[in-house]
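Under the numbering used here, read the sequence shown as residues 82 to 275, first letter to last.
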Amino acid sequence: MTMDNLSKVILDNVRAEAEDIIKQAEEKAQQKIESARIQQNSRYEEEKTRLLAEAHNEAARIKAQSSISTRIELLKAKNEIIDDIVAKVKKSLANYPDKASLAVNCIREGIQAGGAETVIVQVAPEDIEKVRDIIKKDKELSSRISEIKELKCSGGSIVEDSESGISIDNTFDTRLESLLPKVLPEISQELFGL
Numbered sequence: 082m083t084m085d086n087l088s089k090v091i092l093d094n095v096r097a098e099a100e101d102i103i104k105q106a107e108e109k110a111q112q113k114i115e116s117a118r119i120q121q122n123s124r125y126e127e128e129k130t131r132l133l134a135e136a137h138n139e140a141a142r143i144k145a146q147s148s149i150s151t152r153i154e155l156l157k158a159k160n161e162i163i164d165d166i167v168a169k170v171k172k173s174l175a176n177y178p179d180k181a182s183l184a185v186n187c188i189r190e191g192i193q194a195g196g197a198e199t200v201i202v203q204v205a206p207e208d209i210e211k212v213r214d215i216i217k218k219d220k221e222l223s224s225r226i227s228e229i230k231e232l233k234c235s236g237g238s239i240v241e242d243s244e245s246g247i248s249i250d251n252t253f254d255t256r257l258e259s260l261l262p263k264v265l266p267e268i269s270q271e272l273f274g275l
């Protein structure tokens, strides 16, 4: 082989090796690029999934908060209606035309319940004169009442044992307050279907 041929063979081998090295380098670079692209897509999908989950959680939180706010507003409105009804009942009781007779009935009930021989009676200021007149006409009742006092209330009476000081609150306010827990569920059912 001549020197030229030998040179040519060596150059061809070197060229082939160089091309092979370049080809391998290009393949490695392509693999690294593909791997980086896959990692990039994977990170993108993970971030997208995380952001969507956060958005769904935030939407659920806002919806729940809105639902709670709506329920609170509804309960406030219902309570206002019930409070208005109770206020009207109290006003109606306070303005009842024969309230003094009802107060005397409350006095009788208080005396019977307490069983005291003599009692001190408290009634609403606007009823006190009528109550005194009614009691004066009833000998048995007047014999058991030692004193009649004024009491700031809408009606009814408080009957207090003169000796022990034990009292029975038979005022309209107290009776209504004790009655409300029993009737409010019925009122709610009637008004709101609850």
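Ideal placement from N, C-alpha and C gives every residue a C-beta, glycine not left out.
These numbers come from a predicted model, not from an experiment.
Taking a contact to require three or more Cβ pairs closer than 8 Å, the stretch 133-148 and the stretch 219-233 do not qualify as touching.
Assignment of K230 by DSSP, reduced to helix, strand and coil, places it in the strand class. By the neighbour-count criterion, in which a residue is buried when 16 or more other Cβ atoms sit within 10 angstroms of its Cβ, Q111 is exposed.
Taking C-beta atoms under 8 Å as the contact rule, V202 and L257 fail to qualify, at a distance of about 20 Å. Here D179 carries a coil assignment [DSSP, helix/strand/coil].
Here I215 is near A181, since their CB atoms are less than 9 Å apart.
One thing to note: T199 has its Cβ no nearer than 9 Å to the Cβ of S238. Contact check for G191 and I249: beta-carbon distance about 4 Å, within the 8 Å limit, so the pair qualifies. DSSP places D219 in the coil class of the three-state scheme, outside both helix and strand. Taken through DSSP and simplified to helix, strand or coil, T252 comes out as strand. V212 is a Cβ neighbour of A184, given a cutoff of 9 Å. Sorting Q105, T252 and I247 by C-alpha distance to the C-alpha of G236 places T252 at the top. Classified as exposed, L265 has fewer than 16 neighbouring CB atoms from the shown chains inside 10 Å of its CB. A145 sits exposed, since fewer than 16 C-beta atoms from the chains shown fall within 10 Å of its C-beta.
G274 carries a coil assignment under DSSP once its states are collapsed to helix, strand and coil.
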